[in-house]
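Chains as they are written, first to last, in the working numbering: chain E, -18 to 308; chain H, 8 to 143. Glycine is no exception: its CB is placed at the ideal position from the N, C-alpha and C atoms.
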Amino acid sequence: MTVSGEKLKLVSHVDAINWNRVQDDVDSDVWDRLTANFWLPEKVPLSNDVQSWATLTQEERTLTMRVFTGLTLLDTIQGTVGAVSLIPDSLTPHEEAVYTNIAFMESVHAKSYSSIFSTLTSTREIDDAFRWSTENQNLQRKAEIILKYYRGDEPLKRKVASTLLESFLFYSGFYLPMYWSSHAKLTNTADLIRLIIRDEAVHGYYIGYKYQRGLERVDEAKREELKDYTFNLMFELYENEVQYTHDLYDSVGLSEDVKKFLHYNANKALMNLGYEAMFPATVTDVNPAILAALSPNADENHDFFSGSGSSYVIGKAVNTEDEDWDF
Amino acid sequence: MLVVYYSSSSEYTHRFAQKLSHPSMRLPLLTRDAAVEVDEPYALITPTYGAGPNRGSVPKQIKKFLSIEGNRELLRGVIGAGNTNFGENYCRAAHLVARKCDVPVLYRFELLGTPEDVANVNNGLESLCQRQQYAT
């Protein structure tokens, strides 16, 4: 797995990390959140999906396995290269520690797809799906684009690539388990994917936040260059994602629906980097069933301003379990 | 209508508040800073912290602000900033504050908010203002 001729890049100097002297509170907040979120695939009762798996057509099963091997590839990249490549550029020792947590969780994510496979399907089908992942050009291209920037020598560009991976590139894949869940299929698998989606939100937020801290240390010209770079990379990845989406979803007629989900998440990825949304609301109208599978209370009717105000019902008063909330 | 908000050093909520056409007031970053008191009706924007039911979702600075009875009495509604990736905990803090203070969740938006979110909140606050004037 080593590449000859490439120098191993490591942090040049290490002091014992003192968590009692934190320079950036976001480091400790994110560490606490990530460790509180820790989970393992063994905790999710995936075997309850065996019956549901049997109701899928052969085509649907093949699609599902391909989607998951694609996600496995991205998680593997992020675990073994992406998050690790960010460590030498850290501004604080606590930032370094957070990246080690992110790298490990990405390896947990990558392994969890194998747990899904071994629960639901046969070794031969698993091998076929992994073979597909090495042969699909658009999937391989997505990996190549990202790896190129991880190997590059620009720390802030690495953070852009990493944030776009965490907050955009996964979503052509995440769509499918949300789709199955909205049809009451593979619901335990969807529960596991939702844990991954939650983790990726914290990762994207944190790396994007560190990118913005980094921007404060460069001049205006460089900031403009990085902004152009970000949008160019987003376009390059987006075009490839659209091809990849067609490769996967044309057979089941879902490509257009997936693309809306891509636009919606591309906007969120850009916002994680501190930029304004790029896709207009007319193309980010995600299927409400997918949004509900992602976040059960996200629909507009819960809001006073968007729904008809008169229909708003104030939730009944409950004692909140939030600690130190006393008045 | 006055908008009171808390935004951490990530500045997401701050950037959203700055795009509004309504006056806004940012709560201090540190809980040890002096308490803030308002003297007119307002809407509150809060991000959500933590990721599960067992940890503090409502920022401490919001709790400190709402621990003042006069501030609670003037609260007309809550706007949540969040991320749907957190599933059922999306904008949890806004829902908790709304229930606790018996006011509606007015709106929710993600991250920095889109131009549509800004327009919706501007319009919503405007009509809320008018309703307030009729009511008094």
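Item, Value
"Find out if the Cβ-Cβ distance for the pair E/M86, E/L275 is shorter than 8 Å.", "no"
"Assuming the contact rule is C-beta atoms closer than 8 Å, H/R99 and H/T55 should be a hit. Round their C-beta distance to whole Å, please.", "5 Å"
"Can you confirm whether E/Y311, when its beta carbon is compared against all beta carbons of chain H, has any partner nearer than 8 Å?", "Residue 311 of chain E lies beyond the residue range present for chain E, which begins at -18 and ends at 308; the question has no answer from this structure."
"Check whether the region 18 to 25 of chain E touches the region 146 to 166 of chain E, counting contact only when three or more Cβ pairs, one atom from each stretch, lie closer than 8 Å.", "no"
"For a contact defined as C-beta to C-beta under 7 Å, what are the partners of E/A279 on chain H?", "T91 and Y97"
"In whole angstroms, what separates the C-alpha of E/R179 from that of E/D10?", "16 Å"
"Do the CB positions of H/I69 and H/A24 come within less than 8 Å of each other?", "no"
"Please list, in chain order, the chain E residues whose beta carbon lies closer than 7 Å to that of H/R115.", "D284"
"Give the interface partners of E/A262 over in chain H, defined as CB-CB distance under 7 Å, in chain order.", "T121 and E123"
"Per DSSP, H/F116 is paired with what?", "H/A88"
"How far does the beta strand (DSSP E) with H/L51 in it reach, from first residue to last?", "Y49 to P54"
"Inspect the beta-carbon positions of E/S99 and E/A273 and report whether they are closer than 8 Å.", "no"
"Report the rounded CA-to-CA distance for E/I107 versus E/Y230, giving the unit in angstroms.", "19 Å"
"Going by beta carbon distance, what residues of the same chain come within less than 7 Å of E/A270, once the five residues before and after it are set aside?", "S163"
"Start and end of the beta strand (DSSP E) containing E/S103?", "No beta strand (DSSP E) holds E/S103; DSSP gives it neither H nor E."
"To the nearest angstrom, how far is it from the Cα of E/G189 to the Cα of E/L196?", "11 Å"
"Which residue comes first and which comes last in the beta strand (DSSP E) that contains H/L27?", "That residue, H/L27, is in no beta strand (DSSP E); it is neither H nor E in DSSP."
"Along the region -10 to 10 of chain E, where does the CB come closer than 9 Å to a CB of chain H? Name the residues.", "D5, D6, V7 and D10"
"Taking the alpha helix (DSSP H) that H/Y12 belongs to, which residues open and close that run?", "Not the alpha helix (DSSP H): H/Y12 falls in the beta strand (DSSP E), residues L9 to Y12."
"Residues of chain H with CB under 8 Å from E/L275, in chain order?", "T91, N92 and G94"
"Counting only C-beta atoms, is H/S35 closer than 8 Å to chain E at any point?", "Per the sequence presented here, residue 35 of chain H reads as Pro, with Ser not at that position. It does not: the Cβ of H/P35 has no partner Cβ on chain E nearer than 8 Å."
"Relative to the alpha-carbon of H/N78, which residue among H/V65, H/D46, H/I86 and H/Y114 has its alpha-carbon at the smallest distance?", "H/D46"
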